[in-house]
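Undergrad: Under the working numbering, read the sequence shown as residues 4 to 570, first letter to last.
For every residue, glycine included, the Cβ atom is placed at its ideal position computed from N, Cα and C.
No experiment lies behind these values; they were computed from the predicted model shown.
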Amino acid sequence: MTPHVTGTAAFVRALDDVLGHPYDPGNPLGHARLLAADEDARLLPEAVAVLGEYGIGAELVPAELGGRFDRLDRFARLLRRVCTRDVSLGFARAGTAFTAACDVWIGGTGGQRKALAQSLVAGGTMAGGYHEFAHGGDIGRTQCRAVPDGPGTLLLTGTKDLVANIAEADTVLVFARTGEAPGDRSHSQILVDARGAAAHTLRTVPRSATSGLRGVPLGGAVFTDLPLPRSAVVGGETGGGMETALRSFQLARIVGPAMMIGGAESGLRAAVRFALTRMLYGAPAADIPMVRAMLTESFADLLTCEAASTVAARTAHLRPERLSVPACALEPLASQILAGAMHRLSTVMGAHFYIRGGEHGVFEKQLRDTDALAFAHGGRAASQAALIPQLPLLAECSRPGEEPLRSVYALDAPLPPLDWGALSATAGGCDELTSALHLFGGGAGPRVAGLIDGFVDELAALRRTCSRIGPEQLTAGDAHLFDLADRYGTVLAAAACVGLWEHNRRGADAFTADPAWLEAALSRLAGRLGRGDPSLPDDVAQRLFGELRERCEQGRSLELTAGSVRR
Numbered sequence: 004m005t006p007h008v009t010g011t012a013a014f015v016r017a018l019d020d021v022l023g024h025p026y027d028p029g030n031p032l033g034h035a036r037l038l039a040a041d042e043d044a045r046l047l048p049e050a051v052a053v054l055g056e057y058g059i060g061a062e063l064v065p066a067e068l069g070g071r072f073d074r075l076d077r078f079a080r081l082l083r084r085v086c087t088r089d090v091s092l093g094f095a096r097a098g099t100a101f102t103a104a105c106d107v108w109i110g111g112t113g114g115q116r117k118a119l120a121q122s123l124v125a126g127g128t129m130a131g132g133y134h135e136f137a138h139g140g141d142i143g144r145t146q147c148r149a150v151p152d153g154p155g156t157l158l159l160t161g162t163k164d165l166v167a168n169i170a171e172a173d174t175v176l177v178f179a180r181t182g183e184a185p186g187d188r189s190h191s192q193i194l195v196d197a198r199g200a201a202a203h204t205l206r207t208v209p210r211s212a213t214s215g216l217r218g219v220p221l222g223g224a225v226f227t228d229l230p231l232p233r234s235a236v237v238g239g240e241t242g243g244g245m246e247t248a249l250r251s252f253q254l255a256r257i258v259g260p261a262m263m264i265g266g267a268e269s270g271l272r273a274a275v276r277f278a279l280t281r282m283l284y285g286a287p288a289a290d291i292p293m294v295r296a297m298l299t300e301s302f303a304d305l306l307t308c309e310a311a312s313t314v315a316a317r318t319a320h321l322r323p324e325r326l327s328v329p330a331c332a333l334e335p336l337a338s339q340i341l342a343g344a345m346h347r348l349s350t351v352m353g354a355h356f357y358i359r360g361g362e363h364g365v366f367e368k369q370l371r372d373t374d375a376l377a378f379a380h381g382g383r384a385a386s387q388a389a390l391i392p393q394l395p396l397l398a399e400c401s402r403p404g405e406e407p408l409r410s411v412y413a414l415d416a417p418l419p420p421l422d423w424g425a426l427s428a429t430a431g432g433c434d435e436l437t438s439a440l441h442l443f444g445g446g447a448g449p450r451v452a453g454l455i456d457g458f459v460d461e462l463a464a465l466r467r468t469c470s471r472i473g474p475e476q477l478t479a480g481d482a483h484l485f486d487l488a489d490r491y492g493t494v495l496a497a498a499a500c501v502g503l504w505e506h507n508r509r510g511a512d513a514f515t516a517d518p519a520w521l522e523a524a525l526s527r528l529a530g531r532l533g534r535g536d537p538s539l540p541d542d543v544a545q546r547l548f549g550e551l552r553e554r555c556e557q558g559r560s561l562e563l564t565a566g567s568v569r570r
């Protein structure tokens with residue numbers, strides 16, 4: 004495959020051609036080979052080679068630095084397609100490195116950005132060391148320290164327990180404490196030349212056992228008085244690490260759900276394939292109403308998460324200073340919805356859910372992997388903790404009916420390059436995305452209008468409640484605030500679906516223009532809020548199941564815009 008394929012659709016088709024049919028037993032990149040590699044707790048070497056030949060590293064590098072990263076929504080779709088084949092592959096070869104690289108694109112000096120870009124485009128690998136077992140997702144409590152050792156030198160000491168690709172990384176980005184004062188100005192990101200470090204200063208620890216992502220080369224890194232020049236500090240000056248991480252994690256919180264969506268799409272396809280071929284009472288299991296409902300509702304959940312993720316990714320280009328709200332609100336929601344969908348589908352699979360090989364074994368693997376992805380970057384609680392302090396200001400400053408940018412929703416609208424420097428740790432109380440509930444969706448019919456009214460009421464109630472949140476509640480970390488964050492994310496997802504349908508209903512894709520998927524998404528989201536029945540109306544369920552079955556039988560993607568992608 005040429006490494007110079009341009010355009011999202013062209014790339015996806017080219018990648019699909021190389022990966023081949025997943026269920027072909029003779030395919031060296033098919034499910035059978037991937038499952039065998041997973042049993043050995045390793046990535047399939049041939050699959051790794053395919054991504055290397057394509058130049059996956061160039062996809063992590065901004066176009067202005069010589070790479071191919073030009074749009075976050077395109078990159079998210081790329082990762083989704085890889086993860087549809089193997090979540091572990093996408094996470095290990097692109098997902099983790101992207102997060103670490105973003106710290107450099109956001110906070111690095113010109114020289115640091117240029118050097119990393121050249122390394123990744125040339126096929127170099129990068130790892131990110133953020134987490135330690137003792138503190139989980141609370142990276143601010145890191146015990147890894149970089150202390151001065153004479154003019155222009157730092158000594159790095161400490162342990163990072165879960166680092167993907169640590170044994171083969173050329174560059175490792177380490178989040179470390181560089182000051183003893185309390186607060187957020189005592190941390191830095193530090194770039195380590197892993198190939199040049201002496202063995203007694205950098206030691207790798209064997210992989211930790213995990214139930215999911217078993218093929219990902221996760222290991223530990225132990226630093227012992229590793230000497231580094233001060234120029235290794237991202238940005239050149241110590242103290243900016245926490246702010247940079249809070250900004251870069253916003254992008255990771257968009258890419259993470261895209262990977263989970265890929266795993267869930269693969270799981271849904273496996274469940275449909277099983278239900279259509281499993282005979283019960285003289286007919287396919289898919290003819291049983293409850294089975295059909297679970298398949299259809301899972302498809303609706305998949306579409307919901309895709310719509311929300313797409314809007315968030317486009318917001319990164321159009322409103323980067325406001326990205327923190329959709330990124331932190333939608334990531335935990337998507338991970339909950341997708342995990343629920345996969346476990347619902349395990350009921351469809353029945354006892355076959357436990358099988359780790361054969362035609363249906365891919366389901367069990369993708370379920371384990373998507374579950375494990377939910378814990379990346381501290382899991383749902385870390386995202387919600389970043390959103391909660393913004394809730395009172397969002398209640399006070401956001402204005403109902405503020406016109407959002409059409410380009411956020413219109414999939415055919417061009418996007419400007421991502422302004423890395425404009426990303427902000429907080430949105431300053433601005434959230435125009437929820438205005439879609441006040442402005443759009445009127446042409447989707449009375450049932451959809453009723454659902455939208457329910458979300459408008461929920462948003463008003465949330466604003467009243469959030470306006471009464473006091474500083475003492477924020478300091479104490481009141482558990483009730485996490486429920487408010489979850490409800491806000493649900494409303495935001497509904498608004499994303501409404502805006503996306505409104506601005507694409509006159510396009511060429513008939514399914515995207517059909518209000519059936521919108522009604523299904525809103526029904527499922529309303530059910531989460533206790534504002535309606537999460538089961539789908541019969542006509543909507545019939546429309547969605549027909550679409551799902553047709554795409555699976557024709558080997559087409561389960562994306563909102565189906566295109567001609569084969570799976």
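In the DSSP assignment, find the alpha helix (DSSP H) that holds residue 374 and state where it starts and stops.
TA: That run of the alpha helix (DSSP H) goes 364-376.
Undergrad: What number of angstroms, rounded off, separates the C-alpha of residue 149 from the C-alpha of residue 71?
TA: Whole-angstrom Cα-Cα distance: 33 Å.
Undergrad: I need the DSSP call for residue 174, collapsed to helix, strand or coil.
TA: Strand.
Undergrad: Residues in the same chain with beta-carbon distance under 6 Å from residue 193, minus the five sequence neighbours each way, listed in chain order, please.
TA: Excluding positions up to five away in sequence, the list reads 149, 177, 179, 235 and 236.
Undergrad: Assess contact between the region 60-70 and the region 41-51, defined as three or more Cβ pairs (one per stretch) separated by less than 8 Å. Is contact present?
TA: They do not touch, by the three-pair rule.
Undergrad: In three-state DSSP terms, what is residue 135?
TA: Note: residue 135 maps to strand in three-state DSSP.
Undergrad: What residue range does the alpha helix (DSSP H) around residue 548 cover?
TA: From DSSP, the alpha helix (DSSP H) with residue 548 extends over 541-557.
Undergrad: Give the list of continuous alpha helix (DSSP H) stretches no shorter than 4 residues that lie fully inside the region 420-470.
TA: List check, alpha helix (DSSP H) in window: 439-442 and 449-469.
Undergrad: Give the single residue among 434, 93 and 499 whose Cα lies nearest to the Cα of residue 306.
TA: Measuring from the Cα of residue 306, the nearest candidate turns out to be 499.
Undergrad: Hey, out of 191, 190, 189 and 207, whose CA is closest to residue 197's CA?
TA: Measuring from the Cα of residue 197, the nearest candidate turns out to be 207.
Undergrad: Hey, is the region 272-281 in contact with the region 348-363, meaning 3+ C-beta pairs nearer than 8 Å?
TA: Yes, since at least three Cβ pairs between the region 272-281 and the region 348-363 fall closer than 8 Å, the two stretches touch.
Undergrad: In this structure, does DSSP put residue 192 in helix, strand or coil?
TA: Residue 192 falls in the strand class under three-state DSSP.
Undergrad: Kindly indicate the opening and closing residues of the beta strand (DSSP E) around residue 160.
TA: 156-167 is the extent of the beta strand (DSSP E) around residue 160.
Undergrad: Going along the chain, which residues of its own chain have a beta-carbon closer than 6 Å to the beta-carbon of residue 7, five neighbours each way excluded?
TA: Any answer about residue 7 is weak, because its pLDDT of 43 lies below 50 and its placement is not dependable; what the coordinates show is given next. So no residue of the chain qualifies.
Undergrad: Which value, in whole angstroms, describes the spacing of the CA atoms of residue 412 and residue 260?
TA: Roughly 18 Å between the two C-alpha positions.
Undergrad: So is residue 48 buried or exposed if we call it buried at 16+ other beta carbons inside 10 Å?
TA: When all chains shown are included, residue 48 counts as exposed.
Undergrad: Return yes when the Cβ of residue 219 is within less than 8 Å of the Cβ of residue 95, no when it is not.
TA: Yes.
Undergrad: Under 7 Å Cβ to Cβ from residue 345, same chain only, skipping five residues before and after it: list those, please.
TA: The answer, listed in chain order, is 267, 270, 370 and 373.
Undergrad: Can you list, in chain order, the residues of its chain with a C-beta nearer than 6 Å to that of residue 115? Leave out the 5 residues immediately preceding and following it.
TA: If we look at residue 115 and ignore the five residues flanking it on each side, its Cβ neighbours are 107.
Undergrad: Is the number of C-beta pairs between the region 484-501 and the region 386-394 that are closer than 8 Å three or more?
TA: Segments in contact, yes.
Undergrad: Give the DSSP bridge partners of residue 225, in chain order.
TA: In the DSSP output, where bridge partners are listed per residue, residue 225 has 162 and 206.
Undergrad: According to DSSP, is residue 236 part of a helix, a strand, or is it coil?
TA: If DSSP states are grouped into helix, strand and coil, residue 236 belongs with the strands.
Undergrad: Checking 8 Å against the spacing of the C-beta atoms, do residue 122 and residue 250 come in under that value?
TA: Cβ atoms of residue 122 and residue 250: not closer than 8 Å.
Undergrad: Closest to residue 186 by CA distance: which of 243, 153, 165 and 161 is it?
TA: It is 243 whose Cα lies nearest to the Cα of residue 186.
Undergrad: What did DSSP end up calling residue 148 once you bin it into helix, strand or coil?
TA: Of the three classes helix, strand and coil, the one that applies to residue 148 here is strand, per DSSP.
Undergrad: Which runs of the alpha helix (DSSP H) spanning at least 4 residues fall entirely within the region 493-540, listed in chain order?
TA: Entirely contained in the region 493-540, the alpha helix (DSSP H) runs reaching 4 residues are, in chain order, 513-516 and 518-531.
Undergrad: Assuming residue 590 contacts residue 459 (C-beta within less than 8 Å), just tell me the rounded distance between them.
TA: The shown model of the chain, from 4 to 570, leaves out residue 590, and the question about it has no answer.
Undergrad: What's the gap between the Cα of residue 238 and the Cα of residue 53?
TA: Computed Cα separation, rounded: 34 Å.
Undergrad: Any contact of the region 494-511 with the region 431-439, i.e. 3+ C-beta pairs under 8 Å?
TA: The region 494-511 vs the region 431-439: in contact.
Undergrad: Taking the alpha-carbon positions, what's the residue 318 to residue 102 distance?
TA: Cα to Cα, the separation comes out at about 18 Å.
Undergrad: Are the CB atoms of residue 104 and residue 175 nearer to each other than 8 Å?
TA: Contact: no.
Undergrad: Identify whether residue 212 lies in helix, strand or coil by the three-state DSSP scheme.
TA: Residue 212 falls in the coil class under three-state DSSP.
Undergrad: Go ahead and pull the three-state DSSP assignment for residue 418.
TA: Coil, per DSSP.
Undergrad: What span of residues does the alpha helix (DSSP H) with residue 572 cover, start to end?
TA: Beyond the ends of the chain as shown, which are 4 and 570, falls residue 572; an answer cannot be given.
Undergrad: Helix, strand or coil for residue 220? Go by DSSP, reduced to three states.
TA: It is coil, neither helix nor strand.
Undergrad: How many Å lie between residue 382 and residue 289 at the Cα?
TA: Residue 382 and residue 289: Cα-Cα distance of roughly 34 Å.
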